[in-house]
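Visitor: Supplied in structure tokens, the structure appears directly below.
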Amino acid sequence: MFAKEEEEETEREEQEEEKAGSTYDYDIDVASPPPAPKAGFSHKRRRTETKPNSRLRSGASTSRAASESATRVFALWKQDGHYYSGIVHSMLPRRGNTKYLVKFDDGTEDEVELKNMRCCELYVGDNVIVSNGARGKVSDVRELESRGYFLVEVDDGEKTTTSEVEFADIRIANRVLQNQWKNRILSPEAIVTVVKPKPLTDTATPSQRSLASIPGRLQRELAKTGFVVTLSPKNANPEQTKKSAMNAIKDYGGQLIDDWSSVFKMEGRHSQSNKRWTVTPDDFQFKEGVALDRVFLLADDANQKPKFLIALALGIPCLSFEWLTKATKFSEDWQPFLLSAGYSDVLSARVSQLVDLDWGNCSEYLHDILSNKVAPKLFSDKKFLCIGADFVPPHRGRKNASNIGRVTEAARTVPWIILCMGASKVEAVTDLKQVSSKELRTFDYAIVRDSADVRDLGPVAVATVTWIKECLISSRIVPTNWTQS
């Protein structure tokens, strides 16, 4: 009896295998039907939380398993600006611009240009973002080829967690890939597709499933995140506002930063008996040893204080306190809490900030802060001369160097704001006598405190500090004489 049941069972299995086999793509040369895809998780999502979609299949596409020789890549998913793992399915010839159909490991697909693909290889030390949003480093890849997983180490500032992770559980930040993956660029000759080029058919909407968690979920949501806090002059209760913000930062594991000089090296060079001072991009660098992956500015409203203006110039998001103080449950989505850049007199309107919406998803944003292409580099490659004693910071050796008023302190920040807006060099002099007429002609702009100090300097355009602020807030170069007209 048992033998008969076994025979019937075997017959049923063979029929099921035969039926399943007809669903596979036999346009490619394979020896046997591929195994069922292993379940994975999609990182592709909108900025708002979404519910799981059970109708969409989870895991790698069958074409990945069906062809071991096809090229595996990390490819750009433009909807969120990150790179995800997948397989190059086919080539899509376009007039003057060839694209490839990439089938991602979560079952979605997209057309991707070759420049937006990298070889699917991981090295120890690579920065990745795991499925719960934590930023980590690849620590071990020895089991990757044989067992399909690797180890990722996440440091939240207090403890280090190591987890087994698969390709489908990570994404790569755009800035990381551009800076660190230059040895994994692909050439057209290196691409092997699953099938020959054919017309692209309509595809389903990408999965919007919520992110999954891996073991060792971070309890400190703002670990290794720094905050510079500033208040608008009109705040009626500054002490209470600042206290609430500081408590929220502490509760979520963030770090309070006194000033931008605590994060960045901001040093210049004095000359001519400390009456002349010069800064270049090399003088503004991320400080070694600062244990931060990202920074934000928190404020109650837009203002023109030095901390806020430097953040605008660098492209650092300026956020409302409400991100941390009003929400009943913490959310990583800071974008809804962006403040305005301020009110533009030239445009007669409040203007939005110009920031990278993926800001802070990797530490490269801080380590290469002046290379932020999204920030408005309005003064790119221009040279500035700031004329006036208030623009020249005291030498470090002076005993009264820290005893200065707020107005003077704000003036001394102006050269740094100009530098952060892209200038190649900024010099400050106590008096125009410190600059020869020949040297003067090498500058593009001369900056003075207010309109009463404006004078004719020939080929050099003369503008005020107010002009600098107006250009920054409106994200455009406005006429230098607009304040006098």
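Our numbering applies: residue 1374 is where the sequence shown begins, and numbers increase by one.
Each residue gets a CB set at the ideal place from its N, CA and C atoms; glycine is no exception.
(1) For residue 1822, tell me which candidate among 1656, 1802 and 1809 has the shortest Cα-Cα distance.
(2) Within the same chain, show all residues whose beta-carbon is closer than 6 Å to that of residue 1667, passing over the 5 residues directly before and after it, in chain order.
(3) State yes or no: is the C-beta of residue 1847 within less than 7 Å of the C-beta of residue 1717?
(4) Quick one, which of 1661, 1678, 1495 and 1696 has its alpha-carbon nearest residue 1620's?
(5) Just verifying my parser: in three-state terms, what is the DSSP assignment at residue 1656?
(6) Grouping DSSP H, G and I as helix and E and B as strand, with all else coil, what is residue 1564?
(7) Comparing alpha-carbon positions, which option in 1635, 1489 and 1510 lies nearest residue 1551?
(8) Run the CB neighbour count on residue 1408, radius 10 Å, all protein chains shown included, and call it buried at 16 or more, exposed below.
(9) Exposed or buried, which one is residue 1496 when buried takes at least 16 other CB atoms within 10 Å?
(10) Measuring only the C-alpha atoms, how far is residue 1859 from residue 1447?
(11) Whole angstroms is fine: what's the gap from residue 1454's alpha carbon to residue 1729's?
(12) Can you tell me the Cα-Cα spacing of residue 1477 and residue 1507, whole angstroms?
(13) Using a Cβ-Cβ cutoff of less than 7 Å, which residues in the same chain neighbour residue 1640 once the five nearest sequence positions on both sides are dropped?
(14) Just checking my contact of residue 1342 with residue 1511 at CB under 8 Å: how many whole Å lie between their CB atoms?
(15) Where does residue 1523 sit, in a helix, a strand or coil, going by DSSP?
(16) Buried or exposed for residue 1727, going by 16 or more other Cβ atoms inside 10 Å?
(17) Given residue 1474, which residues of its chain have a CB within under 7 Å of its CB, disregarding the five upstream and five downstream residues?
(18) State the beta-bridge partners of residue 1841 as determined by DSSP.
(19) Near residue 1798, what residues of its chain come up, given a Cβ to Cβ distance below 8 Å and the 5 sequence neighbours on each side ignored?
(20) Pick helix, strand or coil for residue 1615, following the three-state DSSP scheme.
(21) CB residue 1688 to CB residue 1636, shorter than 7 Å?
(22) Measuring only the C-alpha atoms, how far is residue 1423 from residue 1593?
(23) Are residue 1679 and residue 1786 closer than 7 Å when you measure CB to CB?
(24) Restricting to runs no shorter than 4 residues, where is the alpha helix (DSSP H) found entirely within the region 1477-1562?
(25) Hey, how far is the Cα of residue 1606 from the Cα of residue 1600?
(26) Can you check which of these residues, 1761, 1671 and 1460, is closest to residue 1628 by C-alpha distance?
(27) For the alpha helix (DSSP H) containing residue 1450, name the first residue and the last one.
Guide: This is what the structure gives:
(1) 1802
(2) 1598 and 1733
(3) yes
(4) 1696
(5) helix
(6) coil
(7) 1489
(8) Because residue 1408 carries a pLDDT of 37, less than 50, the predicted location of this residue cannot be relied on, and the following value inherits that uncertainty. The residue in question, residue 1408, is exposed, as its Cβ has fewer than 16 Cβ neighbours within 10 Å.
(9) exposed
(10) With the chain covering only 1374 through 1858, there is no way to say anything about residue 1859.
(11) 10 Å
(12) 21 Å
(13) 1656
(14) Missing from the structure shown is residue 1342; the chain here goes from 1374 to 1858 and no further.
(15) strand
(16) exposed
(17) 1462, 1463, 1465, 1482, 1484 and 1573
(18) Partner(s): none; residue 1841 has no beta bridge.
(19) 1651, 1652, 1653, 1756 and 1757
(20) helix
(21) no
(22) With a pLDDT of 32 at residue 1423, under the threshold of 50, the modelled position of that residue is not reliable, and no figure is offered here.
(23) yes
(24) 1517-1520 and 1547-1553
(25) 19 Å
(26) 1671
(27) No alpha helix (DSSP H) holds residue 1450; the beta strand (DSSP E) holding it covers 1445-1450.
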